[in-house]
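Report on the following structure.
In UniProt numbering, the protein residues as written are 1 to 335.
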């Protein structure tokens, strides 16, 4: 969970979100209850509920109305992670076995479905039809993004536009929605609500680019799983796309992407090619561009502790890069 000394009230609000998550995941079916508890206890940044809370506070709204909304987006996020692991046949997440590894795909899919149901129930209970309809559209687009990635793995006929489109739907939309929901609950005008959604989308794209980089530059202990997972899945991430255009060893990379049965040695060699191709530096620069676009949207709002916290979150995203080389954030924060 992310903590901010700057806004101690936010940490208190996040604890209430955590309590709400525990309440709504209780079930009479002991297996699903154990699974839900395990997911909650696995931790996580709680970035999405944090953004709901900060977006609401940015517009001077009390936190109480935002707690259930924050819990809802976190449940949706947890559901997508479970389904991701099934689709990718992932065995580990955050150094723990995945749900599908311990209980099989059927139970994992049903567990994810249950979380989706609980998330949508919280939204319905909030009583705002506009919010419910908005989030139903978001969930549909997330599913489109997952399906698009599943059918385009191992396909070399993709470019950066395809990549940004996929990660927007898979990751950035829910982060953008978290920000817009806080604004919608606060009943701000459409311009400010759109600005918050834009902040979140740009933040989410940068977040996913850094996440994709970490799959290359981090070690097993840091990732909680073997590095190079995207290469094994045949997923064309931004650094892979850059190397396919610029590396003198692009033909080997193509073979790795197309293959469905790469050895660990081949994955390791491919990672080395990516590191030496300039792809890491290029991808970091692109992520910075999106961070700066996110920051630009905040100029619409007056200075406040909530705005300052939203600016700091952009630094947190860049600083989550796990490469060994020193990394200048290269982002513009206007105080």
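Beta carbons: idealized from backbone N, C-alpha and C, even for Gly.
Every value quoted in this text rests on a predicted model; they were computed, and no experiment measured them.
query	result
Assigned secondary structure, residue 89 (DSSP; H/G/I helix, E/B strand, else coil)	coil
Close-in-space but distant-in-sequence residues of the same chain around residue 36 (CB under 6 angstroms, 5 per side omitted)	25
Residue(s) in a DSSP beta bridge with residue 96	93
Alpha carbon of residue 271 to alpha carbon of residue 228, nearest angstrom	7 angstroms
Neighbourhood of residue 290 by C-beta, 6 angstroms cutoff - its chain only, sequence neighbours within 5 removed	202, 205 and 206
Whole-number beta carbon distance between residue 138 and residue 173, since they are thought to touch under 8 angstroms	5 angstroms
Residue 357 versus residue 21: straight-line alpha-carbon distance, rounded	No information on residue 357 is available, as it lies outside the stretch 1 to 335 that the chain covers here.
Cβ-Cβ distance between residue 171 and residue 118 below 8 angstroms	no
Burial state of residue 248, where buried means 16 or more other Cβ atoms lie within 10 Å	exposed
Classification of residue 100 by the beta-carbon crowding that lies within 10 angstroms, buried from 16 upward	buried
Residue 304: CB within 7 angstroms of a non-hydrogen atom of the ligand MN	The model depicted lacks the ligand MN and carries no ligand whatsoever.
Close beta carbons around residue 274, own chain, < 6 angstroms, minus the five adjacent residues each side	216, 239 and 243
Coil, strand or helix - residue 335 by DSSP	Only weak support exists for where residue 335 lies, its pLDDT of 47 falling under 50; the value from the coordinates is given anyway. In the structure shown, residue 335 sits in coil (DSSP, three-state: anything other than H, G, I, E or B).
8 angstroms Cβ cutoff met for residue 74 and residue 94	no
Residue 32 versus 265, 61 and 106, residue with shortest Cα-Cα distance	106
Three-way DSSP call (helix, strand, coil) for residue 187 in this model	coil
Endpoints, alpha helix (DSSP H) assigned at residue 11	8 to 24
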